[in-house]
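Beneath this line is the structure, given in structure tokens, with notes to follow.
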Amino acid sequence: MIAFLSFVVMVLLFAVLVLTARANELSRVLKTDKLDFTNQSRINGYLMLVCLILLFAGAAYSFKELLPLMLPKAASEHGVRTDKLFDINMIIIGIAFFFTQIGLFYFAFRYNESRVDEPYFYPHNNTLEIVWTTIPALVLTGLIVMGMIEWFRIFNVDARDKNMMVIEVTGKQFNWIIRYPGKDGKFGERIIDTAHITPVNELGINWEDPKSHDDFMSDKLYLVKGHPVLMKLGAQDVIHSFFLPHFRVKMDCVPGIPTEFYFKPTVTTKEMQKYLSKQPWWQTNNPETGEPRWKTFKYELACAELCGKSHYGMEREVVVVTQQEYDDWVNQQTAMYESMKPKNTEEPKAAEESVKVENKAQAMLIKK
Ligand SMILES: [Cu+2]
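As structure tokens, this is what we get:
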């Protein structure tokens, strides 16, 4: 309420100032025949110079304060290259910004009414037109070509490593289902229909396919440093977006249209923590844990598509480890096929059936 009243007071004060100035102006018109704005023009001219200085001071301050918060250190091979492209873009835009703003404000100052009596009419100059069209066109073409080369490099299917890991990630409201293919490196078949997709088999895995018998799920996304990985992405309900900010990976997960992203992580979680332990902000204490922030640093997987009311909760931890650590972790995992088997039966199907019966019973209860 106080904020609102303050705002109203400010608006009214501004209105009073404008109206007083206007009344002053009109009274002068009544006194003289000709309006003379020379003095105001001079003041405005100097104000333009002040604006220019404030603009650059503000831009420099924002750069100093915000640049370290913009992008975290890249932790993938292509991430380092795309960051370089980003830097090149920023430098070129920065140079253009610097000179055009100086021109804009300086000209407003230099050629204000108090300094120039007669405006100089300069309608056309072919050379000038060619220069200021060609240079930006060439620079923009260069930037686009560099971007396209990098794009095709990232999405070049032929250049993929034959030994890459493959991980399947499916987005749903509001979670990620992360499936690893197990020791055989191959995923079991999925059948997307109501008979196969059940609360205990969300992906609709066909248990009759032997390739499915060693597939396992994980709460965290485990990746190996230096080992290329292909993420096979999908969604079950609405569009989600698979976003790994540190790895500069972002790809939509679309129901019915499989997408994928191939990349190579280059920094383990521990190495990143070590790097961050030298960064000023990360050395400050986390009030929740009472420890320096770098100690609890985790890579994150987030959803970058506004996909519903609990969209913010679609966060998972990403762990980058060495090959040895990864192998140890894989050995500790239990295949879904095993964990789904009820104690007395051989087939996971029986477990599904029992859940189906339970669901039916629940549905009947609700109906009643
Ligand atoms: Cu989402």
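Just so you know, we're using the numbering used here here: the sequence shown kicks off at 41 and counts up by one.
For every residue, glycine included, the Cβ atom is placed at its ideal position computed from N, Cα and C.
Note that the structure is a prediction, hence the values are computed from the model and not measured.
Can you say whether F54 is buried or exposed, counting buried as having 16 or more other CB atoms within 10 angstroms of its CB?
Exposed, since its Cβ has fewer than 16 Cβ neighbours within 10 Å.
Just to confirm the assignment, what range does the alpha helix (DSSP H) spanning M271 have?
It is not in any alpha helix (DSSP H) - M271 instead sits in the beta strand (DSSP E) that spans V269 to A275.
Taking a cut-off of 6 angstroms, which residues have a beta-carbon closer than that to any heavy atom of ligand 1, in chain order?
G211, H280, C343, E345, C347, H351 and M354
Can you tell me the Cα-Cα spacing of I217 and L109, whole angstroms?
30 angstroms
Under the three-state reduction of DSSP, which class applies to Y262: helix, strand or coil?
strand
Classify R288 as buried or exposed, calling it buried when 16 or more other Cβ atoms lie within 10 Å of its own Cβ.
buried
Around the Cβ of D367, are there at least 16 other Cβ atoms within 10 angstroms (buried) or fewer (exposed)?
exposed
Who are the near neighbours of N384 in its chain, counting only those whose CB is closer than 6 angstroms to its CB and skipping five residues on each side?
Legend: pLDDT at N384 = 49, less than 50; position of this residue unreliable, no value from coordinates given.
Residues of its chain near I231, where Cβ-Cβ distance is below 7 angstroms and the 5 sequence neighbours each way are ignored:
G244 and N246
Identify every residue that forms a DSSP beta bridge with F303.
V269
In angstroms with no decimal places, state the Cα-to-Cα distance between S154 and N64.
20 angstroms
DSSP beta-bridge partners of N357
Note on identity: in this sequence residue 357 is Glu, with Asn being the wrong assignment. Looking at the DSSP assignment, E357 forms a beta bridge with E340.
Terminal residues of the alpha helix (DSSP H) in which K314 lies:
T309 to L316
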